[in-house]
Amino acid sequence: MIQIINKDACCGCTACASICTHKAITMQSDELGFFYPKVDKEICTNCNLCEKVCAFNEHYDTSCNFKEPLIFAVRHRDIHEIETSRSGAAFIAVSDYILERGGVVYGAGFTDHFKVIHKRAVNTEQRNEFKGSKYVQSDLTGIFEQVKADLKMGYTVLFSGTACQIAGLSSFLGSSLKKNLILIDIVCHGVPSPYIWRDYITYLEKNINRKL
Ligand SMILES: Cc1cc2nc3c(=O)[nH]c(=O)nc-3n(C[C@H](O)[C@H](O)[C@H](O)COP(=O)(O)OP(=O)(O)OC[C@H]3O[C@@H](n4cnc5c(N)ncnc54)[C@H](O)[C@@H]3O)c2cc1C
0 MIQIINKDAC CGCTACASIC THKAITMQSD ELGFFYPKVD KEICTNCNLC
50 EKVCAFNEHY DTSCNFKEPL IFAVRHRDIH EIETSRSGAA FIAVSDYILE
100 RGGVVYGAGF TDHFKVIHKR AVNTEQRNEF KGSKYVQSDL TGIFEQVKAD
150 LKMGYTVLFS GTACQIAGLS SFLGSSLKKN LILIDIVCHG VPSPYIWRDY
200 ITYLEKNINR KL
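Just so you know, numbering that gives the first Met the number 0 puts the end of the sequence shown at 211, numbered straight through with nothing missing.
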């Protein structure tokens, strides 16, 4: 069963919780709000699937990787898209292509009170919420299962996230479902704490004496 002894070896991607058919794993926040898996030992059957799926596992499957990366510099042609995105809006160009062909797009958006979570979009209006960097760890609870269900239904899926989230999803899905899957991992030095983000919002609200 998965046990996080060294926090550096877990990015909170939820692959382990998602693969557990017994629902023995829940993602719980530590004192800074970062997500880590917690195993209910009463329910766990010690099948070890959670350990195998972990992208921090030394047997992580890299067989789909290119031997040498192909590198392109990309910038959207529409200046409005660049101005409303974080960088060159490559994400917008690729996701437009997917949406125009009836595919679905996943990315980081917001839920109640600016909490950052991953979401599913089927049109540009929903997708536009994913524009821009949210400098905080996003909550992926239930998302990997949703991606899998979409792929099984025959949708083309574009999933965007940090490199470690992408590695987790890729490992969770295995090779058979990846034909219609496109992965975009953003350049990322690491995600800041969700509780610092939450406390910052509380601080701002105290200063202006109303809800943001
Ligand atoms: C946590 C974090 C760390 C970063 N570190 C670096 C860095 O070290 N060096 C550097 O040059 N750039 C860094 N960036 C910037 C990032 O690489 C750019 O935001 C990205 O390249 C924007 O490309 P775009 O204009 O095509 O995307 P946009 O059109 O602006 O779309 C934003 C994309 O980022 C994704 N995204 C936004 N927030 C999150 C999040 N919290 N978790 C997962 N996915 C998210 C969205 O799903 C979407 O795909 C970081 C961004 C984040 C969120």
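Glycine is no exception: its CB is placed at the ideal position from the N, C-alpha and C atoms.
In this text the structure is predicted, and so the values were computed from the model without any measurement.
The nearest non-hydrogen atom of ligand 1 is less than 6 Å from the C-beta of Lys133. At a cut-off of 6 Å, the beta-carbon of Ile185 counts as near ligand 1: some heavy atom of the ligand is closer than that.
Here Lys133 is near Ala107, since their CB atoms are less than 7 Å apart. Straight across, the Cα-Cα distance linking Phe65 with Phe143 is about 24 Å.
Leu176 places its beta carbon 7 Å or farther from that of Leu203. The closest heavy atom of ligand 1 lies less than 6 Å from the beta carbon of Thr161. Asp184 is positioned such that its CB atom lies closer than 7 Å to that of Ala162. In this structure, Val156 sits near Val103, with a CB-CB distance shorter than 7 Å. Not a single heavy atom of ligand 1 lies less than 6 Å from the C-beta of Arg76. Segment contact: the segment 26-45 against the segment 9-16, three or more CB-CB distances shorter than 8 Å; contact assigned.
Contact check for Val73 and Ala89: beta-carbon distance about 4 Å, within the 8 Å limit, so the pair qualifies. Counting only runs of 4+ residues, the alpha helix (DSSP H) found wholly inside the segment 112-157 occupies 123-127 and 142-151, in chain order.
With a threshold of 16 other beta carbon atoms within 10 Å, Met152 falls short and is exposed. Where Pro36 is concerned, the enclosing beta strand (DSSP E) starts and stops at Phe34 to Val38. In this structure, the straight-line span from the alpha carbon of Ile200 to that of Phe109 is close to 14 Å. With fewer than 16 other CB atoms across the displayed protein chains lying within 10 angstroms of its CB, Gln2 is exposed.
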